[in-house]
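Have a look at the structure below, then the notes.
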Amino acid sequence: MDEKKAIVFDIGRYRHTDGPGIRTIIFFKGCPLRCKWCSNPFGLSPKLQLSVNPERCLGCGRCVLLCEREVNSLLEAKVQVDFSKCTHCFACIPSCLGQNRAITGKAYTARELFEEAYKDLAFYRKQGGGVTLSGGEALMQPDVAIELLRLCRSNYLNTCLETSAYTSWDILQEAARYCHTVFVDLKHMNPQTHRELTGVGNERILENIVQLCQWAPERGCRVILRIPIIPGYNDEEENLIRAAQFIRRLKGNPEVNLLPYHNLGEQKYPMIGREYEPDIPAMLQNQDSVMQRSKRILEGHVAENRVSLGGDSIALTGRGTR
Amino acid sequence: MVATELKGGQLGQAIRSGNVAKSGSTKRTQELNGMLHANRPNVDITRARAYTKVYRETEGQPPLRRRYRAAAEVYRSLSDRVYDYEQLVGWPTQRIRGANFAIELHAHWLADDLPNLRDRIYDPFEISDEDRKELQEDLIPYWKDKTPTAQWKTYVTPEEFDRAQNGGVSDVSNYICSNGSHFIPRWTDVIAHGFVKYYEEAKAFLAALDPNDPQSIDRREFYLGLIEVCEAIRDWAERLSASCARKAETESDPVRKEELLKMASMMQRVPWGPATSFYDACETAWCVCFFLFVEGAGPSITWGRFDQYMYPYYKADVEAGKLTPEGALELIEELYIRVTSNVWFQSTNMAYIFGGYYRYPHLDVGGLDENGKDASNELSYLCLRAMRYARTTSPAVCLMLHQKTPDSLLLEACELAAEGMGHPSFFNCEGLYDMLERRAAGLNGHSHYTRKQILTYGSPIGCVEPGAEGLQYGHTDSGIINVAGATLCALTNGVKAEGVDGSFCGKLVTYESGDPQDLTTFEAFYAAVKGQVEYAIKEAHANMLIVEKILAEQFNLPTFTMLLEGAMEKCKDATTGGALVNVGPTMNMCGFATMVDSVAAIKKVVYEDKEATLAQVRDACLANFVGYEELRAKLKAAPTFGNDLDFVDEIAADLWKHFATVSARLKLYRAGQYCDAAVQMVQSNVGYGAMTGATPNGRLAKMPISDTMSATQQADRNGPTAAARSYGKLDYSLYTNGTLLNMWISQSEMMEPS
């Protein structure tokens, strides 16, 4: 019998955000949301995809000759790729002299992913590092994701899941069962705005969060709510206050982690034929006034919850029942 | 500009550009640091004059007598100048940051290159017109045919002579010009007793000689010579003491006057007699270090386990209320600043490979004690902290790391590492002790060290060579084997590529290991690579044996000898086997990952995927890939070392072992011991890269080859943990002369201490 496989677009070793210690982050491909500021567009489509880095094109023109569907053309010795015609047959990849073409995504079984993650065991030990499932949305491929979490947890690795929570409660609960920490995003509190910004409403997400916070603490699973601060999209005071009011009522006083906006994913958009929409002048740093102000607002409206800035500043305690 | 505002590379640039870097924890060390960096590296000919004078006066006398007398004469000629702000006393040169260089090793190349010394690209030196004239007209003509290089030339063919210096595959030029280097003197002993102990011992041994014993003739020379050197050291200290006293007389500031009087009385005690305080001990540590840097021509006079042998003095002084931790910190900073003043004087050819003036002094903290317990103490922290203030290039501060290292000490070291200055280096004690157990012992042997000696005295010598305080001697920089070049030779049947630096371009530079058309299997090709590496190692070894003989017969080292445990009893100079463990010549591998990636690329592209023939890869390399872009892309796409991939890591582990086992089979000139392998040389990958044609891993001609044992530049794409796992697949205990790994981690990848 063939084991189930999941499409993963990156395995990042030696990461120190999204959980305690040194971590391996598994990026699952495919996401039900379409956030306008998405920092990792390779994670959007669930399928294997051609990616091309035209910046480093040597202008040899071999891909132009090779592709019968005329996806590629040369303009001033730089390749232009018409992704709308591409069937993702990947025949052009070996032809590229600059090695600028790649298949984004690769199929793995849960066991294979576990073995990748287990390689860095020696580096996890000291500060309680381990494995984080991210994406895309890991729970869009629930069988492999949950089996991977189970394997890691039963081999004493610290496990974290980063999810949009836009899934069924059953799947979320089954995954959270094996997690030390679950990160859930609060992208916007207004259902209509949420729909405009991400393509889906937030009702199911908020319901799941409430339920998760009810259920998780007793199971030794910690929940951390994340708010990406995207200037001009969700950083208005009203939204942050409403988020705080929502968080205040949650059981277990989950930590709130504010993430500064960054555009590091912007150059990935043209590589797969997408356009980057946000027109935000600069990346944010933790010390910027927008972040500091957001933190003050949150802190002003939640009493018990820890509010942290930046993905690498979450509390290390409350690691669950390791 | 205050240097502490700058970080990492910017700081390095500012200091190297000659901008004054007034960095330090106190006004005193800030001013001393400013004085150091306000001076540019300069040539001092005092030592050259002293040697020439003695050698002219002793023409025809026994070589050892002449060497020892010349060494004594050097002490008599040293400057007695005392500068403002300093607490420690004595300088190796008339001007700060000078090189009191060894003319008897350098005269042959200086004869040609003296006019360029001020303006050469790498490591220019200032020199006055008068000194230059004296060198040119008087000193160089006397010495130019007497250097080890000039003498070695008479033992080999002109072709061999050129190939070993300019061929770029099997190189011994560094080895020949660095007699007297890589040494941890018996610090514990010399600080506790002073040179008077060696003086009295030599006199006692001399008195006990039986003139009817045939051996007594040479022995008499040996002891008489040592006595003369000791006396010269005693007189030097007295001169310096008088100089401090004179300066005190004219000093108007009462605080400084007091300090100068303290310095004058200290110089009455040390280094001649026992140190009675931490301050005294620092002075002995400083002047013995520079004595050795003046007597020897090479790098890496090492302070070894400084925090161990200095701690009793520190503890006693602090308990007696005579010293504060801040006071000790200031003294350590001053040591760092002073030792940075020792610049390395090298031939133009070698400056091209080892540029940067850096002379590799080295100081270790941490480690285990003789019972296998953690040995760290307050001084361990102060030594690491002092570097964060002094911010000098020297010494290389090093943490000897083990399972019992306290987190707080590791964190202190990481704080220093995060400054981005290249300090500290981290040494794994388990690996170091394994290496020492097999030091110079051949393939299956055991070194003469006891476990207790290893635990108590074992430490790395700058850069990375395992050694032990007072128990080991040998010049451990050595034959340099460019294995990237050797790999290319396996494709070209021993011929060096055209159009690169050095000589022998387009000519046979190693041996004919087979035409690529005949290497029809991977095994055959792999055997050719191994054959080329072996050939290069053996050629370097044969050349170095000749030099070892020349050095032992004519280039003895009295101060080194005194500072070796047991050499006086044995009546043997350091160069003739006076140490308990005699090492060198050793064999250094350069370009490891370039070799590994090249072999893996050929295995994949030629023998597995059959996308090209070996002859085509050769043609592509010799054409620098012009017209072979597609083949280059395929070669570059093959698995590379440093990514935790077994396909290539297995090749790495095997070639790693091959180099070490070939080396360990070769005998040394002294004491019947064996050659040690090493991966130790920083920077040299640039110079040897320039002498190497394009390689099958897709690297273009003349570009740097891979650095130390690190993965090829930009080829380790899976992050530092995957790279660390690749490095973890190699057997380090085989490299008994040490290994060096450079890893660069960007500041954004650093984690905040939690």
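Chains as they are written, first to last, in this note's numbering: chain A, 1 to 322; chain D, 1001 to 1754.
Cβ atoms here follow ideal geometry from the backbone N, Cα and C, with glycine treated the same way.
Per-residue contacts from residue i into chain A (C-beta, under 7 Å)
i: P982 (chain D); result: In the structure as shown, chain D begins at 1001 and stops at 1754. Residue 982 (chain D) is therefore absent and cannot be evaluated.
i: E1630 (chain D); result: L97
i: D1644 (chain D); result: K119
i: K1610 (chain D); result: Within chain A, no residue comes near K1610 (chain D); the closest Cβ sits about 15 Å away, beyond 7 Å.
Residues of its chain near residue i, where Cβ-Cβ distance is below 7 Å and the 5 sequence neighbours each way are ignored
i: W169 (chain A); result: N208, Q211
i: L66 (chain A); result: A91, C92, S95
i: S1503 (chain D); result: D1162, N1166, G1167
i: R13 (chain A); result: T24, D120
Residue i versus residue j: straight-line alpha-carbon distance, rounded
i: C57 (chain A); j: P1696 (chain D); result: 22 Å
i: G1431 (chain D); j: T1405 (chain D); result: 15 Å
i: G1304 (chain D); j: P1395 (chain D); result: 11 Å
i: K1315 (chain D); j: L1323 (chain D); result: 9 Å
i: K78 (chain A); j: E55 (chain A); result: 8 Å
i: V1169 (chain D); j: G1687 (chain D); result: 11 Å
i: Y1055 (chain D); j: G1531 (chain D); result: 45 Å
i: L1508 (chain D); j: A1633 (chain D); result: 29 Å
i: P254 (chain A); j: R219 (chain A); result: 14 Å
i: D1218 (chain D); j: I1103 (chain D); result: 26 Å
i: T1450 (chain D); j: G1458 (chain D); result: 10 Å
i: L1614 (chain D); j: V1662 (chain D); result: 26 Å
i: C1621 (chain D); j: A1694 (chain D); result: 5 Å
i: G252 (chain A); j: C160 (chain A); result: 18 Å
i: G1018 (chain D); j: G273 (chain A); result: Per-residue confidence for G1018 (chain D) stands at a pLDDT of 48, beneath the threshold of 50, marking its modelled position as unreliable; the derived number appears in the next sentence. Taking the straight line joining both Cα atoms gives about 51 Å.
i: S39 (chain A); j: L298 (chain A); result: 24 Å
i: G201 (chain A); j: V184 (chain A); result: 15 Å
i: L316 (chain A); j: T181 (chain A); result: 11 Å
i: S1733 (chain D); j: Y1122 (chain D); result: 35 Å
i: M1350 (chain D); j: W1109 (chain D); result: 11 Å
Contact set between residue i and chain A, taken where Cβ atoms lie within less than 8 Å
i: R1220 (chain D); result: Neighbours of R1220 (chain D) on chain A: none; closest Cβ ~60 Å, over 8 Å.
i: D1731 (chain D); result: Residues of chain A passing the Cβ test: none, with the nearest at roughly 18 Å.
i: A1633 (chain D); result: C96, L97, G98, Q99
Cβ-based neighbour list, residue i, same chain, cut-off 6 Å, excluding 5 preceding and 5 following
i: G310 (chain A); result: N286
i: A1281 (chain D); result: I1191, A1275, M1310, Y1313
i: I230 (chain A); result: W37, Y261
i: F1076 (chain D); result: Correcting the residue identity first, residue 1076 (chain D) is Arg in this sequence and not Phe. Counting only Cβ-Cβ distances below 6 Å, and skipping sequence neighbours, we find A1232.
i: M140 (chain A); result: G30
i: E147 (chain A); result: A110
Residues near residue i in its chain [Cβ-Cβ closer than 8 Å; skip 5 each side]
i: A1192 (chain D); result: P1274, A1275
i: P1271 (chain D); result: V1190, G1194, F1195, I1233, A1237, E1283, T1284, C1287, V1288
i: W1152 (chain D); result: F1161, I1176, N1543, I1546, V1547, I1550
i: M283 (chain A); result: P260, Y261, H262, N263, L264
Where residue i meets chain D, residues with beta-carbon distance less than 7 Å
i: V120 (chain A); result: Per the sequence presented here, residue 120 (chain A) reads as Asp, with Val not at that position. Those within 7 Å of D120 (chain A) in chain D are T1721.
i: I25 (chain A); result: The premise fails here: I25 (chain A) is roughly 11 Å from chain D at the closest Cβ pair, so nothing lies under 7 Å.
Whole-Å CB distance - residue i paired with residue j, under 8 Å assumed
i: N1033 (chain D); j: I1337 (chain D); result: 5 Å
i: A1297 (chain D); j: S1178 (chain D); result: 6 Å
i: A303 (chain A); j: R248 (chain A); result: 7 Å
i: R985 (chain D); j: D1080 (chain D); result: This structure cannot settle anything about residue 985 (chain D), because the visible part of chain D is limited to 1001 through 1754.
i: K1636 (chain D); j: G1698 (chain D); result: 4 Å
i: T1250 (chain D); j: Y1142 (chain D); result: Actually they do not touch by this definition, with Cβ atoms about 40 Å apart.
i: A1540 (chain D); j: F1560 (chain D); result: In fact, because the Cβ distance is near 24 Å, the residues do not count as touching under 8 Å.
Per-residue contacts from residue i into chain D (C-beta, under 8 Å)
i: F123 (chain A); result: T1721, A1724
i: I93 (chain A); result: Near I93 (chain A) there are no residues of chain D at all, since even the closest Cβ is about 10 Å away, more than 8 Å.
Listed by chain order, chain D residues near residue i by CB distance under 9 Å
i: L250 (chain A); result: The contacting residues do not exist; L250 (chain A) stays about 26 Å from chain D at best.
Chain-ordered neighbours of residue i on chain A, where CB pairs are closer than 9 Å
i: A1623 (chain D); result: Those do not exist, as A1623 (chain D) stays about 15 Å from chain A at its closest Cβ, beyond 9 Å.
i: A1637 (chain D); result: P94, Q99
Open item on the list: Quick test of the definition: if touching needs 3 or more C-beta pairs under 8 Å, does the segment 1475 to 1485 of chain D touch the segment 1585 to 1594 of chain D?
Closed with: yes
Task: Touch test, the segment 1553 to 1561 of chain D against the segment 1655 to 1672 of chain D, Cβ-Cβ under 8 Å, three pairs minimum - done: no
Open item on the list: Using 8 Å as the cut-off, can you tell me whether the segment 8 to 20 of chain A makes contact with the segment 128 to 148 of chain A, which would need three or more C-beta pairs spanning the two stretches below that distance?
Closed with: yes
TODO: Could you tell me whether the segment 1405 to 1425 of chain D touches the segment 1380 to 1393 of chain D, where touching means 3 or more Cβ pairs closer than 8 Å?
DONE: Under the three-pair Cβ rule at 8 Å, the segment 1405 to 1425 of chain D counts as touching the segment 1380 to 1393 of chain D.
Task: At least 3 beta-carbon pairs within less than 8 Å: the segment 1512 to 1519 of chain D vs the segment 1701 to 1719 of chain D - done: no
Open item on the list: Under 8 Å, with one C-beta from each stretch per pair, do the segment 1639 to 1653 of chain D and the segment 1718 to 1727 of chain D reach the 3-pair mark?
Closed with: yes
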